[in-house]
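So the protein sequences, as listed, match chains A, B, C and D. Residues 1 to 332 (our numbering) are what the first sequence spells out, left to right. Residues 1001 to 1234 (our numbering) are what the second sequence spells out, left to right. Residues 2001 to 2421 (our numbering) are what the third sequence spells out, left to right. Residues 3001 to 3289 (our numbering) are what the fourth sequence spells out, left to right. For every residue, glycine included, the Cβ atom is placed at its ideal position computed from N, Cα and C. Written out below as structure tokens is the structure these notes cover.
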Amino acid sequence: MRSFLSHKKSDYFICAAVMLLLSLGLLSSNKYTLDILITTVYFCTIASAWNIMCGYTGQLSLGHGAFLGLAQYTSTLLYTKMDISPWLGMLAGGLTAMLLALLVGVLALRLKGPFFALATIALTTILEIFAVKFDGITGGSVGITIPYNPSLGNMIFKDYQPTYFLFLCLLALVLLTTIYISRSRLGSNLVAIRENDLTAASLGINVFRNQLYALMISSFFTGVVGTLYAQYVLFIDPAGSFSVIVSEKAALISIIGGAGTVFGPLIGGILLAPTEIFLRTWLGSTYQGAYLIVYGVVLIFVILTIPNGIAGTVSAYIRKCNCKTEQASGDD
Amino acid sequence: MLKVTELSTGYGENQVLFGVSIQIGQGEIAGMVGSNAAGKTTLLHTISGVNRVWAGKVEFCDENITKMTPQCRTERGLIQCPEGRRLFPSLNVLENLLIGSYSKRAKPKRNKSLKHVYEMFPILFERRYQPAGLMSGGEQQMCAIGRALMGDPALLIMDEPSLGLAPIIVQKVFEIIEQINREGVTILLVEQNVRKALSISAHAYAMESGKITMHGTGKELLQDENLRKTYLGI
Amino acid sequence: MKKLSWFLILMLASVTVLSGCSSSTPANTAKPAEVIKIGVIQPRSGPLAVSGEDSYWGTKIAIDMVNEAGGIKGKKIEAVVADVPNAGAAQNEVNRLIQNEKVKVITGIYGSAMAEVAAGICNRNEVLYWEHISVTDRLTKQGYKSVFRMHINGSLFGEQAAQIAESYAKKIGLDPTKATVAVVSENGDFGKSIAAGVDAYTKKAGTKIVLNELYDSKTTDTSPIVLKLKASNADIVIATSYINDGIDITKKSKVLDYSPKIFLGIGSGYGLAAYGKSLEKDAEGMIDLDPTSTPVLKNLDPNMAKAVEEFQKRFKAARGYDSPTVGYLAWQATWVLLNNVIATAGGTDNLAAMIKAAKELDIKVGSLPTGAGVKFDESGQNTRAVISAMQWQKGKLVTIYPDYLANAQGIMIPLPAWNKR
Amino acid sequence: MLLQLIVSGLLLGGIYALLSLGLSLIFGVSKFTNFAHGDFVMVGMYMAFVSYGMFTLTPYFSWPLVMLGGVGFALLLYLVARSTIEKSGLNQILVTLGLSMVLQNTVLLFFKSDYKSIPATFGSSIKLGTVFISTEMLIAFVIAVVITGGFFFFIKYTDTGRALRAVSDDRAASKLMGLPVNLLDPIAFCLGIVLACLAGALLMTVYPTTPTIGSGYNLIAWVTVVLGGLGYLQGALFSALLIGICETVSGFYLGADLRQAVYYVLFILVLVFRPQGLFAGLGMKKVKR
């Protein structure tokens, strides 16, 4: 546990390699391929943002949909009603998400395990109900269609490459932040809290404040990526924005990839997001729901057999190999 | 009756016991002393089967029980009265006692055992419908001992029975332990109250850092210079 | 560690190859010259799958029938089917159909969120989007050039519903300006847009709305809604519901002994087979406003009548029950799309020709099984879509309004008390 | 009107009690976080539907079949989840989320997505003063009360019931006392899931069902269990009735589209400010941990 959190240079190398590979997608002009890549990077980013809070503190949030939705509504309303550029709206959305995170944190962070998860689910559902109810502001359940006016200022583009590029930049930013945090005092505090919050507290770490910081940073990026996605799909509605399913996916991707590692959510996203799309395309139109059965079975299998996620398991395996070779050389 | 040979165990990657061997004869009181975190409770939990054995052997009545579940061990009369009493707070006193006689071994004798326990601790009869969590420490200890007795023990393991009790009650607890022993139950007693424990023990062990450092009769240990210095402050 | 990075790179490469495969194989095997490809998208998993599936079968049967009759100008229609349970999936699948399958026409979709996303992408990529069910007004108010909706929109739906209510009120001797109306609607886009339409019309007509209540269609117990209706004591109730809540509202009305003079249900909530099946004799006399699902074949053009009969037979064989309204809407929309738009334009290659063909359509009211005609306005909204009043009589739905679609007389108007039914 | 609302709410709450008792039991005994509980209610509804379809048994008579099926599904859950018991709660949540996905979509594959319902046996109501009581709901309520009574009798007076409560109180001590914990886990799972399935069968007499209906019941079950105090069975019973009443009353006075928001807000407030549950300390003992 302790050791797989230590960040070696090779971890950064892996991140850089994956990012480089992903950016090869910029050469494509096929919108379907780009859409798959954008969806993949979108989920990688959400999962990485989720990971900053939940992977490092062990608190399971199933309410990142609330941050995502709030930010999407903030930026979209600013754009459609007051004509404020989504570039600013993106920041505003991130900040509102952060404010919500502050509120959630102050109220709910002392809850543990399933109760934090349940509270965050309830919060998401409440926001969805309000978004439907106060239709004067939000447009109600019909949602909001963002008018298609391609320009850099509007963050709407004719082709998908610029959008994809923005997504990649954001993912890189989130990864860099994760790396920065994991090397900082905050990161080591968070890991200490996850391992044992009582011990951490006795070492003088302010458990609550550290978790709150992590939650706020995490929600900020969730909000920003939400805005980006809204400007890509050009449509938001309460059911899609304040969705528990998005939060569940972020958690699953992160945990299957390896929560608490820098590149775990990246691996999880790259594996799961396209898999889901392909399964839906292949099975979805012939057997209703069959792709979700496959998806569910795979998830159960992965969680039961490799609880540390792919990244955790793979690096544990490699460490074992390294140890052996070191021992062998030591014997000489 | 109980024979533990070269026992090693621990939690996760941390080894706690390093080759512990003890032996308890039929019908005696065996004492075990040692400072905090010496590994006493770990040893008892391993004997009861809650902890997995890494290496070594546990034999009970000439039967190898090293790999048995805790449940099988209670069926053979190996009963533990755990540290901190560990009563079930939302169950009432009677229910707590009945839990003690869940095993096939004890169930047929349930009514007899219950009568016996009530005779030994009249207070439990008075409070039989009271939630166990709402009683005083001494009463809770009585209840815990009663619950253990309900299991028809052949060997009763007692982990710190006097911990946190008022001196008068401590005295009473030790009287009870001797009484139980007189009725034919072998007892393994782990205590921090070293003087009292050693004075009633036929056989005693001292444990430090997961190893047995000393053993002999209770009197021998009580007179040992080192031990007196460490535990009795003399 | 190096091994790990190789592993990752391999993994990524395989994903890339996979996506490459899936995007290239179908394109290679298809022979674009001999078939006309049409994208068919519906939500077939997830919460909207019920009607999404019915809508899919309506479309599929229409395509099969056209193919069996020789296709269009000798070319067979190939349906490229996709499941779009949510807006994100719509984005992805529509892009796949356009980019990789090279379809030039997409039809669907039933769900409004997906419809909005799909319509936007189709318009940007110069692909014809042919919506057959979603009612959200906004779909055709975005200035899209290549987006058409065969079905009625929400506000017109509400308006026509209110008109029907008015005419029934007159029939039982209520003065429209003195009658009171209660509107309860599920709070999704369907209920809300209809409620708005009812509201607008009744304001014009001077009828008083005494209760305008929204509720969540996922609600498990509707007794508070029925009690509110009871407390409002309105003469006419217009209720927009999905099936779950529609059944429950009727059950709770009986349990709480509530019967207004006129109860008009709207949407699938009161018209699906499940409604009749689960309420049995309690469904008797309940009215559902929707395009009719019991067309009078003899009123139709003989060719159309024969086609509709064939459709009814096939739908029943495929799904095990008579087609609900959604099935007819999907079927007739696809039928018109294939026979009147694509056939006229000579294929799907020329978008301008298809748009022109669509705009020039002039099919008079009553020509299609649901009683609709086709005449698109500038925005692409069909102005000749109509709704009718259907009523449960002896366990079957019959059409009682308007007269040119009716195949039975309305009964139990005004509604008698429950113990007298 | 208020009286009518309270009566309707109580009847609804009676059925909610079954599902929350089951959840509370599993959480108490095995410390297992089941996020698929609502899906077992859905499964119960479908079993009742199938029994009606195949043997024309109404849920009042098909309960033995539903119970049998419930045991099967409980063992399935136990099989899948066994290795996560006593381990990280995170994995329990994720495994059950995955299981929920599998259950919903398997049902979808076999039964399609349309609403399934069975015709009402009575469909009438009884009038008491100004209050109307649905015959169906009343019977369901009475059955729920009988089952709940039986459940509490079992839990209170049998050896196994006592053992279950003991494990729920202190799992480690129960092991030390030689209670067969690895046998009691599946028993708790079976009881809990069977209760959920029975709740589903009873709900089937009044509501139609669809594969996705379970997630709503899952949240209701958790809200009830948290309001009642964790692992505290009587609390779950009272709060189920409370939630039932809360639903109908807030639905009437606040608007039917806000009713869920009301108990979710209540839920968060209780979690944050009264994590021991609403009823702890009101003359009822709370399990110490």
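Burial state of residue i, where buried means 16 or more other Cβ atoms lie within 10 Å
| i | result |
| --- | --- |
| residue 242 (chain A) | buried |
| residue 1011 (chain B) | exposed |
| residue 1148 (chain B) | buried |
| residue 3157 (chain D) | exposed |
| residue 214 (chain A) | buried |
| residue 1088 (chain B) | buried |
| residue 3067 (chain D) | buried |
| residue 339 (chain A) | Because residue 339 (chain A) is not part of the residues shown, which for chain A are 1 to 332, the question remains open. |
| residue 128 (chain A) | buried |
| residue 3054 (chain D) | exposed |
| residue 2409 (chain C) | exposed |
| residue 3218 (chain D) | buried |
| residue 1037 (chain B) | exposed |
| residue 3032 (chain D) | buried |
| residue 2406 (chain C) | buried |
| residue 3 (chain A) | Note on residue 3 (chain A): pLDDT 39, under 50, position unreliable in the model; the coordinate value appears next. Burial call: exposed. |
| residue 1112 (chain B) | exposed |
| residue 2233 (chain C) | exposed |
| residue 1095 (chain B) | buried |
Reference residue i; option with closest CA among the options
| i | options | result |
| --- | --- | --- |
| residue 2278 (chain C) | C:2304, C:2244, C:2352 | C:2244 |
| residue 224 (chain A) | A:40, A:9, A:60, A:74 | A:74 |
| residue 2128 (chain C) | C:2392, C:2406, C:2390, C:2342 | C:2342 |
| residue 2222 (chain C) | D:3245, D:3236, D:3201 | D:3245 |
| residue 2163 (chain C) | C:2092, C:2205, C:2328 | C:2205 |
| residue 3137 (chain D) | C:2400, C:2220, C:2215, C:2320 | C:2220 |
| residue 1078 (chain B) | B:1098, B:1128, B:1106 | B:1106 |
| residue 1151 (chain B) | B:1192, B:1134, B:1100, B:1083 | B:1100 |
For residue i: DSSP bridge partner residues
| i | result |
| --- | --- |
| residue 2382 (chain C) | C:2376 |
| residue 1186 (chain B) | B:1155 |
| residue 3055 (chain D) | None; residue 3055 (chain D) has no bridge partner. |
| residue 2208 (chain C) | C:2180 |
| residue 2236 (chain C) | C:2181, C:2262 |
| residue 1055 (chain B) | B:1008 |
| residue 2392 (chain C) | C:2397 |
| residue 1203 (chain B) | B:1030, B:1217 |
The ligand FAD heavy atom lying under 7 Å from the CB of residue i
| i | result |
| --- | --- |
| residue 2107 (chain C) | Questions concerning the ligand FAD fall outside what the structure shown contains, since it holds no ligand whatsoever. |
(message) Whether or not the stretch 2177-2185 of chain C and the stretch 2361-2375 of chain C are in contact is what I'm after, with contact meaning three or more pairs of Cβ atoms, one per stretch, closer than 8 Å; do they touch?
(response) The stretch 2361-2375 of chain C is not in contact with the stretch 2177-2185 of chain C.
(message) Measuring CB atoms only, is the stretch 27-40 of chain A touching the stretch 104-120 of chain A, in the sense that at least three cross pairs come out at less than 8 Å?
(response) Contact fails: fewer than three Cβ-Cβ distances are below 8 Å.
(request) For the stretch 2047-2065 of chain C and the stretch 2090-2097 of chain C, state whether three or more C-beta atom pairs, one from each stretch, are separated by less than 8 Å. (result) Short answer: they don't touch.
(message) Whether or not the stretch 1024-1034 of chain B and the stretch 1171-1190 of chain B are in contact is what I'm after, with contact meaning three or more pairs of Cβ atoms, one per stretch, closer than 8 Å; do they touch?
(response) As far as the Cβ criterion goes, the stretch 1171-1190 of chain B touches the stretch 1024-1034 of chain B, which means the pair count is three or higher.
(message) With three or more C-beta pairs closer than 8 Å as the rule, is the stretch 1210-1218 of chain B touching the stretch 1011-1023 of chain B?
(response) Inter-segment contact for the stretch 1011-1023 of chain B and the stretch 1210-1218 of chain B is present: three or more beta-carbon pairs are separated by less than 8 Å.
(request) Could you pull out every unbroken alpha helix (DSSP H) segment of at least 4 residues lying fully inside the stretch 3146-3211 of chain D, listed in chain order? (result) Entirely contained in the stretch 3146-3211 of chain D, the alpha helix (DSSP H) runs reaching 4 residues are, in chain order, 3159-3169, 3171-3176, 3181-3204.
(request) Give a yes or no on contact between the stretch 3094-3102 of chain D and the stretch 107-124 of chain A, applying the rule of three or more CB pairs nearer than 8 Å. (result) Touching, no.
(message) Does the structure place the stretch 3250-3263 of chain D close enough to the stretch 268-288 of chain A that three or more beta carbon pairs sit under 8 Å?
(response) Put simply, the stretch 268-288 of chain A does not touch the stretch 3250-3263 of chain D. Fewer than three CB pairs are less than 8 Å apart.
(request) Would you check if the stretch 62-78 of chain A and the stretch 210-224 of chain A touch, i.e. whether three or more CB-CB distances between them fall below 8 Å? (result) Yes: at least three Cβ pairs fall under 8 Å.
(message) Any contact between the stretch 306-318 of chain A and the stretch 264-276 of chain A? By contact I mean 3 or more CB pairs, one from each, below 8 Å.
(response) Counting C-beta pairs closer than 8 Å gives three or more between the stretch 306-318 of chain A and the stretch 264-276 of chain A, which meets the contact rule.
(message) Does the stretch 3149-3167 of chain D come into contact with the stretch 1036-1056 of chain B, if we say contact requires no fewer than three beta-carbon pairs (one atom in each stretch) closer than 8 Å?
(response) Output reads no: the stretch 1036-1056 of chain B does not touch the stretch 3149-3167 of chain D.
(request) Answer yes if the stretch 3124-3141 of chain D comes into contact with the stretch 2066-2073 of chain C, meaning at least three C-beta pairs across the two stretches below 8 Å, and no otherwise. (result) In this structure the stretch 2066-2073 of chain C does not lie against the stretch 3124-3141 of chain D, because fewer than three pairs of beta carbons, one per stretch, are closer than 8 Å.
(message) Against chain E, which members of the stretch 2125-2156 of chain C pass a CB distance test of less than 7 Å?
(response) Given the protein chain composition of this structure (A, B, C and D), no chain E is represented.
(message) I want to know whether the stretch 2259-2270 of chain C touches the stretch 2228-2248 of chain C - three or more CB-CB distances under 8 Å.
(response) Taking a cut-off of 8 Å for Cβ pairs, the stretch 2259-2270 of chain C and the stretch 2228-2248 of chain C touch, as three or more such pairs fall below it.
(message) If we require 3 or more residues per run, which beta strand (DSSP E) segments fall completely within the stretch 3091-3141 of chain D?
(response) Complete beta strand (DSSP E) runs here, min 3: 3125-3128, 3131-3134.
(request) Entirely within the stretch 2130-2174 of chain C and at least 4 residues each: give me those alpha helix (DSSP H) ranges in chain order. (result) Runs found: 2154-2171.
(message) With three or more beta-carbon pairs closer than 8 Å as the criterion, would you say the stretch 2410-2419 of chain C touches the stretch 3204-3223 of chain D?
(response) No contact exists between the stretch 2410-2419 of chain C and the stretch 3204-3223 of chain D.
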